[in-house]
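**Q**
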Amino acid sequence: MSTPTPSPSSSCSTSSSFPPRCFTSLSPNSRVLPRVTCTSQRICLSSCLSTTANNVVSKYSYGWFETQPLLSKPPLSKCFSSSVGVEALVTSKSQDVSAAPAPPRIGDDKIGVLLLNLGGPETLEDVQPFLFNLFADPDIIRLPRLFRFLQKPLAQFISVVRAPKSKEGYASIGGGSPLRRITDAQAEELRKSLWEKNVPAKVYVGMRYWHPFTEEAIEQIKRDGITKLVVLPLYPQFSISTSGSSLRLLESIFREDEYLVNMQHTVIPSWYQREGYIKAMTNLIEKELENFDYPEKVMIFFSAHGVPLAYVEEAGDPYKAEMEECVDLIMEELEKRKITNPYTLAYQSRVGPVEWLRPYTDETIIELGKKGVKNLLAVPISFVSEHIETLEEIDVEYKELALESGIEKWGRVPALGCEPTFISDLADAVIESLPYVGAMAVSNLEARQSLVPLGSVEELLATYDSKRTELPPPVIVWEWGWTRSAETWNGRAAMLAVLVLLVLEVTTGEGFLHQWGILPLFR
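Start counting at 1 in the sequence shown, then tack on 44, and there's your number in the working numbering.
#1: With a threshold of 16 other CB atoms inside 10 Å of the CB of P497, please say whether the residue is buried or exposed.
#2: I432 to V544, Cα distance in whole Å?
#3: Report the start-end ranges of each alpha helix (DSSP H) in the region 351-430 that is 4 residues or longer and not cut off at the edges.
#4: Between P280, F427, L293, I410, which has its C-alpha nearest P313's C-alpha?
#5: State the CB to CB distance for the pair S287 and P277, rounded to an integer number of angstroms; the pair is presumed to be in contact (CB under 8 Å).
#6: Thinking C-beta only, is I329 closer than 9 Å to I602?
#7: Sort out for me which residues DSSP pairs G219 with in a bridge.
#8: Expressed to the nearest angstrom, what Euclidean distance is found between the alpha-carbon atoms of P479 and A446?
#9: For a quick check, are the C-beta atoms of F346 and I383 less than 9 Å apart?
#10: May I ask which residues mark the beginning and end of the beta strand (DSSP E) holding A471?
#11: Run the CB neighbour count on L470, radius 10 Å, all protein chains shown included, and call it buried at 16 or more, exposed below.
#12: Looking at C-alpha atoms only, which residue of Q308, L293, E300, Y248 is the closest neighbour of T271?
#13: At what residue ranges does the region 266-350 contain a whole run of the beta strand (DSSP E), taking only runs of 3 or more?
#14: Between the Cα of I467 and the Cα atoms of E502, M367, G320, which residue gives the shortest distance?
#15: Residues in the same chain with beta-carbon distance under 6 Å from D181, minus the five sequence neighbours each way, listed in chain order, please.
#16: Expressed to the nearest angstrom, what Euclidean distance is found between the alpha-carbon atoms of T408 and Y387?
#17: Should the region 245-252 be regarded as contacting the region 159-179, the criterion being three or more beta carbon pairs within less than 8 Å?
#18: In angstroms, rounded to a whole number, what distance separates the CA positions of A541 and E448?
#19: For K453, is the beta carbon positioned less than 8 Å from some heavy atom of the ligand ZN?
#20: Since V371 contacts A422 with CB under 8 Å, what's their CB separation in whole angstroms?
#21: Below 8 Å on the Cβ atoms is my contact criterion, and I expect G413 with I451 to pass it. Report the Cβ-Cβ distance as a whole number of Å.
#22: Quick one: Cα of R225 to Cα of D170, how far?
#23: From Q389 to L333, what distance separates their C-alpha atoms?
#24: Among V440, N385, A245, which residue has its Cα nearest to the Cα of Y338?
#25: In whole angstroms, what is the alpha-carbon distance linking F179 and V474?
#26: Identify the continuous alpha helix (DSSP H) that holds V243 and give its terminal residues.
#27: Within 10 Å of its beta-carbon, does E476 have 16 or more other beta-carbons around it, so buried, or fewer, so exposed?
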């Protein structure tokens with residue numbers, strides 16, 4: 045997809061350890077006035093004020109709101125209400141597209157917002173194909189170039205083996221993931237908030253691994269004749285395996301479609317540092333602390349979804365840095381409210397034999413119990429919707445582990461869902477990004493460090509990949525002995541052996557997997 049040639053970028057310098065975010069409008073009639081907004085002594089974020097003959101790009105503004113009362117048990121929120129309008133989800137199977145209202149216009153433009161999310165199986169029958177879609181994604185399981193042709197066979201093997209246990213988890217939370225229902229409701233509430241702020245826009249939902257797929261949402265966007273699109277991943281922090289995967293899919297879709305090539309768009313890659321989001325999370329934490337007999341003695345336990353360590357150390361994934369900064373900002377806001385509880389951050393949901401980001405949530409819970417922690421408040425920091433990682437992994441598995449480890453009182457902060465402060469802040473983020481639609485803005489490639497700039501899908505990914513086209517091989521030369529390289533090669537040999545056995549099982553219909561009943565689909 046072709047993009048305009050950028051004008052000379054503005055320069056910003058701060059003493060912060062995190063790189064500033066400066067955006068340069070590519071409009072030939074624009075001028076850029078850098079403005080630095082410091083959110084704390086440790087973190088200094090930068091925004092830019094760009095003016096044109098017809099509009100003004102305002103600096104980031106943040107809302108101050110109060111949360112509604114919460115139940116002591118994390119609720120599934122009003123997002124589960126069957127009465128929620130589905131006007132925002134134009135790709136829903138149950139929706140009559142012909143009855144949907146015409147897409148809104150601003151001037152001669154039709155404005156759309158595309159929400160990106162993971163997706164989840166809605167029934168137990170959906171679990172195995174959902175897992176296949178997940179593990180077939182090369183941004184989830186990255187095979188060496190030589191073995192990439194095995195991506196789908198490996199995904200099939202893993203999904204079949206994992207499906208029984210995964211079905212048990214989904215059965216325990218009602219027989220399927222509530223993620224679609226919640227995301228539908230979030231889309232509708234966002235649409236209402238945008239209209240209330242005098243920005244008529246139609247909101248679409250695109251899931252990465254299950255219905256409504258991103259491709260379905262894009263087809264509806266085309267049918268509606270949308271001319272300007274804001275892409276908003278529902279992941280506060282950017283990662284290769286979440287926002288990155290969805291954006292790469294979008295890039296491939298855009299490049300193959302003439303309509304999409306000509307459609308102006310912009311991407312909000314991450315928004316964890318927004319003050320409205322920080323205050324919404326802080327409000328929820330403060331409310332849940334009140335349920336403890338001694339709130340000041342509670343350990344605040346931030347649990348984030350993990351990613352393989354290689355993504356951060358070798359591929360430059362900014363996820364870890366953004367997650368740590370997000371936790372710092374939340375704790376700073378709590379300190380302003382005279383709440384100075386101890387806290388820690390750990391990573392959950394690791395899969396497979398490779399090393400993931402540490403510390404691990406389960407190991408940290410055990411360690412806290414040994415240290416005498418008696419009161420623990422879990423905060424699902426990387427999740428904005430309730431789904432299996434919160435409802436089953438945190439609420440069931442980790443709670444049981446905590447009680448077994450000596451922790452006496454357990455609490456959990458609910459996911460944001462349709463919380464008004466959160467939805468309003470998302471609407472503000474969309475509004476602030478609109479001037480960038482059609483005048484893409486990226487930071488200087490040479491100066492960019494770990495954070496991802498605002499821009500088009502192609503520009504964002506090109507910037508992210510500016511120093512890397514793929515993960516480097518983990519082993520450069522052979523090393524003898526009990527070394528990391530030896531373990532890596534042993535793992536590769538084992539993987540190859542498993543794949544050979546899988547091929548034999550599938551082609552012959554015989555073998556230990558069939559005897560154990562693991563591969564009934566191939567009988």
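Glycine included, every Cβ here is placed at the ideal spot set by N, Cα and C.
**A** In terms of the structure at hand:
#1: Here the model assigns P497 a pLDDT of 49, short of 50, so the residue's position is not dependable and the matter cannot be decided.
#2: The straight-line gap from Cα to Cα measures roughly 32 Å.
#3: Note on the region 351-430: whole alpha helix (DSSP H) runs with a minimum of 4 residues are 353-357, 363-380, 405-414, in chain order.
#4: By alpha-carbon distance to P313, the top candidate from P280, F427, L293, I410 is P280.
#5: Taking a contact as a CB-CB distance under 8 Å, the pair S287 and P277 counts as one, their CB atoms being some 4 Å apart.
#6: Past the boundaries of the shown model lies residue 602; the chain is included only from 45 to 567, so the question cannot be answered.
#7: DSSP lists no bridge partner for G219.
#8: If you draw a straight line from the Cα of P479 to the Cα of A446, it comes to about 48 Å.
#9: Taking a C-beta distance under 9 Å as the contact criterion, F346 and I383 do not qualify as a contact pair.
#10: No beta strand (DSSP E) contains A471, which is instead part of the alpha helix (DSSP H) from 464-477.
#11: By the 10 Å Cβ count, L470 comes out buried.
#12: When each option's Cα is compared against that of T271, the closest is Q308.
#13: As far as the region 266-350 is concerned, its whole beta strand (DSSP E) runs of at least 3 residues are 272-277, 308-311, 343-349.
#14: Selected option, being the one with the closest Cα: G320.
#15: Excluding residues within five positions, the ones whose Cβ falls inside 6 Å are S289.
#16: Straight-line Cα distance between these residues: approximately 12 Å.
#17: In this structure the region 245-252 lies against the region 159-179, because at least three pairs of beta carbons, one per stretch, are closer than 8 Å.
#18: Using only the alpha carbons, I get a separation of about 38 Å.
#19: The ligand ZN is not among the ligands present in this structure, which contains no ligands whatsoever.
#20: So it is not a contact: roughly 13 Å between Cβ atoms.
#21: Distance from G413 to I451 at the Cβ level is roughly 5 Å; contact confirmed, criterion being Cβ atoms closer than 8 Å.
#22: Going from the Cα of R225 to the Cα of D170 covers about 15 Å.
#23: According to the sequence displayed, residue 389 carries Leu and not Gln. Each residue's alpha carbon lies about 17 Å from the other.
#24: Considering only alpha carbons, the answer is N385.
#25: Near 31 Å, if we compare the C-alpha coordinates of V474 and F179.
#26: Taken as a continuous stretch (DSSP letters only), V243 belongs to no alpha helix (DSSP H), as it is neither H nor E.
#27: Looking at its Cβ environment, which holds 16 or more other Cβ atoms inside 10 Å, E476 is buried.
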